[in-house]
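There are 2 protein chains.
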Amino acid sequence: MPAVPMIELWRGGMLESMHLGHAVICDEKGEVVEAWGDPDAVIFPRSSCKMIQALPLLESGAADAARLGEPQLALACASHNGAAIHTERVARWLSDLGLGEEDLRCGVQMPDDPAARKELICSDTSPCQIHNNCSGKHAGFLTLAKHLKAGPEYHEVDHPVQRAVRAAFEEVTGETSPGFGIDGCSAPNFATSVHGLARAMAFFAGGRLEGTPRERAAARLVAAMTRHPELVAGEGRACTKLMRAMGGSVAVKTGAEAVFVAILPKQKRGIALKIMDGGTRASEAAVAALLRRLGAIAPDDPVLARYLTGPITNRRGLAVGDIRLSPGFAA
Amino acid sequence: MPAVPMIELWRGGMLESMHLGHAVICDEKGEVVEAWGDPDAVIFPRSSCKMIQALPLLESGAADAARLGEPQLALACASHNGAAIHTERVARWLSDLGLGEEDLRCGVQMPDDPAARKELICSDTSPCQIHNNCSGKHAGFLTLAKHLKAGPEYHEVDHPVQRAVRAAFEEVTGETSPGFGIDGCSAPNFATSVHGLARAMAFFAGGRLEGTPRERAAARLVAAMTRHPELVAGEGRACTKLMRAMGGSVAVKTGAEAVFVAILPKQKRGIALKIMDGGTRASEAAVAALLRRLGAIAPDDPVLARYLTGPITNRRGLAVGDIRLSPGFAA
Numbered sequence: 001m002p003a004v005p006m007i008e009l010w011r012g013g014m015l016e017s018m019h020l021g022h023a024v025i026c027d028e029k030g031e032v033v034e035a036w037g038d039p040d041a042v043i044f045p046r047s048s049c050k051m052i053q054a055l056p057l058l059e060s061g062a063a064d065a066a067r068l069g070e071p072q073l074a075l076a077c078a079s080h081n082g083a084a085i086h087t088e089r090v091a092r093w094l095s096d097l098g099l100g101e102e103d104l105r106c107g108v109q110m111p112d113d114p115a116a117r118k119e120l121i122c123s124d125t126s127p128c129q130i131h132n133n134c135s136g137k138h139a140g141f142l143t144l145a146k147h148l149k150a151g152p153e154y155h156e157v158d159h160p161v162q163r164a165v166r167a168a169f170e171e172v173t174g175e176t177s178p179g180f181g182i183d184g185c186s187a188p189n190f191a192t193s194v195h196g197l198a199r200a201m202a203f204f205a206g207g208r209l210e211g212t213p214r215e216r217a218a219a220r221l222v223a224a225m226t227r228h229p230e231l232v233a234g235e236g237r238a239c240t241k242l243m244r245a246m247g248g249s250v251a252v253k254t255g256a257e258a259v260f261v262a263i264l265p266k267q268k269r270g271i272a273l274k275i276m277d278g279g280t281r282a283s284e285a286a287v288a289a290l291l292r293r294l295g296a297i298a299p300d301d302p303v304l305a306r307y308l309t310g311p312i313t314n315r316r317g318l319a320v321g322d323i324r325l326s327p328g329f330a331a
Numbered sequence: 001m002p003a004v005p006m007i008e009l010w011r012g013g014m015l016e017s018m019h020l021g022h023a024v025i026c027d028e029k030g031e032v033v034e035a036w037g038d039p040d041a042v043i044f045p046r047s048s049c050k051m052i053q054a055l056p057l058l059e060s061g062a063a064d065a066a067r068l069g070e071p072q073l074a075l076a077c078a079s080h081n082g083a084a085i086h087t088e089r090v091a092r093w094l095s096d097l098g099l100g101e102e103d104l105r106c107g108v109q110m111p112d113d114p115a116a117r118k119e120l121i122c123s124d125t126s127p128c129q130i131h132n133n134c135s136g137k138h139a140g141f142l143t144l145a146k147h148l149k150a151g152p153e154y155h156e157v158d159h160p161v162q163r164a165v166r167a168a169f170e171e172v173t174g175e176t177s178p179g180f181g182i183d184g185c186s187a188p189n190f191a192t193s194v195h196g197l198a199r200a201m202a203f204f205a206g207g208r209l210e211g212t213p214r215e216r217a218a219a220r221l222v223a224a225m226t227r228h229p230e231l232v233a234g235e236g237r238a239c240t241k242l243m244r245a246m247g248g249s250v251a252v253k254t255g256a257e258a259v260f261v262a263i264l265p266k267q268k269r270g271i272a273l274k275i276m277d278g279g280t281r282a283s284e285a286a287v288a289a290l291l292r293r294l295g296a297i298a299p300d301d302p303v304l305a306r307y308l309t310g311p312i313t314n315r316r317g318l319a320v321g322d323i324r325l326s327p328g329f330a331a
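Chains as they are written, first to last, in the working numbering: chain D, 1 to 331; chain R, 1 to 331.
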């Protein structure tokens, strides 16, 4: 089944641009409740699966052995802005492990946070690996590697850390991964279907502190994300704004190339979607539409207008267009 | 006819993202030589039609009355970076007209040029309308408005400047525009088909200094663009890099929402394309592919690899993927 029209941009009463994609809503059994496009389309989840990559950190006992708190667990699931609230916590986390920035393998990234960016640029200071949006995930990898007494190249696909990630990933997606790519942060990113990713999110939605070790790990990670939305992304970012708008009842996570997932414990639903062209504006609009459809966010919440309808304003602040759902998608 | 697959992004040996679009190559008669997708698809050219919007500036005699040189004509066709080479020329142009920044109607934009951006951010200085990437086009509009002794609201669709732009636009596209949208810079942007836009570019390719006033205007604008590629966009930008790589023999221009056009005087061809989803990375790759197909750029030029094939590198500089032409497009 091909990707289907999901998000449209209109200007002057005419369609200007359109985004196609695939989306799946799964129930607690991992069955498809609703789907658009091809549920079996194979995708790279990219950063949308960071909570899956964090499962072995908790299940192994490594997180508790290192006395990680909820902020660290939220950062392990984060694609953060590189703001001080993120980088200071990751730096302390590394030093508590007896490690440093040089032990990371995520690479250097200029932060998106305006204040952090301004400070670096105006002082002619280069960013470091702690500024990388994935530095919390990598601090989690290092925590697990230390607990497993494994080697320093924790990002290599045959390292015990990534072998544990792959096992957890295949179990919660319910699929044998057809392969992996190397992510922007140099960690392996395992492929799955949109259905598999939604099934994994439905598993997280069913996480229970009194359940199995994996169910308990899932519940703790979802709690960390929903209680610390500012740590999962940052001020002004869609993940943070959407989680705040839903009052901590839903966890959402974006991924590069326009992947978006949502974990809805009350509704016992998991959502996964991929916009074929990698356009983030469309993945943000599409997940907002599905959250509205499932009653997770108030129809009159201004955050919905921000991502779902526009208006699109120009450089003089004039409304020049709007965002629309394509007919047949999540109306 | 639907949009067709044009540009693919691959990672780990798997297709990760794909862009669909429409593209047309026209000959000097305005006939379709080759097309992909729907030649009749209606699009907003956005900034890709700035050389069309500049035709009345020359045809009216306004440019010569104001003694505009080639740099000003290039800036009238530009979506510039807001670098000093752009803003200083536009500021001088306005003052030579006896006007100032406050007479512009394009709105304020933070420049993309790293040095100009750093200077503003680190001095806590707000950008002004001269930094707007369209300020050269608007200086051209003001030059024409003054020549026509018309009012100051030159951006309004019923103003003599925009009426002249619409007439020229419909004549060179060979179509009655079905309507207009308001662009990011608040000027009207008239819609046309991909074929109409390619037909207009073929007209520019046939521009002759010894021809009609319009053919002469077209030839002067193409010469200005190809001789001043750094003024049409800026350092590091696709338009500038591609025009430099082609040694001044071809003019190219990007537009918002993934429109790209090319003017090939030697081949007597015009190219227009629109990526449906508005993804600029794909419009840049697609125009590079068509320029290669028409023999306008050397197949081994490194600029082609930059836009057409990748590799896609990650934050540690590792090659993690590549860009590919979809089967059947411009191979």
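Positions of the beta carbon are idealized from the N, C-alpha and C atoms, including for glycine. Since the structure is predicted, the reported quantities are computational estimates derived from the model, not experimental observations.
- Of all residues in the region 261 to 287 of chain D, only Lys274, Ile275, Met276, Asp277, Gly278, Gly279, Arg281, Ala282 place a beta-carbon less than 9 Å from a beta-carbon of chain R.
- In terms of Cα proximity to Ala76(R), the closest of Thr143(R), Ala286(R), Phe204(R) is Thr143(R).
- Runs of the alpha helix (DSSP H) lying entirely within the region 141 to 176 of chain D and spanning at least 4 residues, in chain order: 160 to 173.
- Between the beta-carbon of Gly279(R) and that of Asp277(D) there is about 5 Å, and that keeps the pair under the 8 Å contact cut.
- Listed along chain D, the residues sitting closer than 7 Å to Val108(R) by beta-carbon distance are Arg315.
- Remark: C-beta atoms of Trp36(R) and Arg324(R) do not approach each other more closely than 7 Å.
- When beta bridges are read from the DSSP output, Glu70(R) appears opposite no residue.
- Here DSSP, grouped into helix, strand and coil, assigns Met51(D) to helix.
- Rounded to whole angstroms, the gap between the alpha carbons of Cys26(D) and Val32(D) is 5 Å.
- Residue-level contact check: Cys122(R) touches chain D, since one or more beta carbons of chain D fall below 7 Å from its beta carbon.
- Contact check between the region 131 to 151 of chain R and the region 48 to 64 of chain R: three or more CB pairs, one atom from each, fall below 8 Å, which counts as touching.
- Contact residues of the region 66 to 98 of chain R toward chain D are absent (C-beta to C-beta distance below 7 Å).
- When only Cα atoms are considered, Ala258(D) and Ala282(D) end up about 7 Å apart.
- Residues of the region 292 to 307 of chain D with a Cβ closer than 7 Å to any Cβ of chain R: none.
- Along the region 179 to 190 of chain D, the positions whose C-beta sits under 8 Å from a C-beta of chain R are Gly179, Phe180, Gly181, Ile182, Asp183, Gly184, Cys185, Ser186, Asn189, read in chain order.
- In terms of Cβ geometry, Ser48(D) and Gly255(D) form a close pair [threshold 7 Å].
- No Cβ of chain R is located within less than 7 Å of the beta carbon of Met1(D).
- Here Ala78(R) is buried: its Cβ has 16 or more other Cβ atoms, across all protein chains shown, within 10 Å.
- In this structure the region 259 to 268 of chain R lies against the region 288 to 306 of chain R, because at least three pairs of beta carbons, one per stretch, are closer than 8 Å.
- If you draw a 10 Å sphere on the C-beta of Arg208(R), you find fewer than 16 other C-beta atoms in it, and that means exposed.
- Met18(D) has Glu8(D) as its beta-bridge partners, per DSSP.
- With a threshold of 7 Å between beta carbons, Glu31(R) makes no contact with chain D.
- In this structure, His138(R) places its C-beta atom within 7 Å of the C-beta atom of Leu104(R).
- For the pair Ala219(D) and Ala205(D), the Cα-to-Cα distance works out to about 8 Å.
- Not one beta carbon of chain R lies nearer than 7 Å to the beta carbon of Gly328(D).
- Cβ neighbours of Ala41(D) within its own chain (closer than 6 Å, five residues either side excluded): His22, Val194.
- Taking 7 Å as the cut-off, the beta carbon of Arg46(R) is found closer than this to the beta carbon of Asn189(R).
- Taking C-beta atoms as the reference points, Met51(D) and Leu221(D) count as a pair closer than 7 Å.
- Contact annotation, Ala202(R) with Arg269(R): C-beta distance approximately 6 Å; criterion of less than 8 Å satisfied.
- If you check the CB distance, Ala198(D) and Ala272(D) come in under 7 Å.
- Under a 10 Å Cβ-count criterion, Glu284(D) is classified as buried, with 16 or more other Cβ atoms of the shown protein chains found around its own Cβ.
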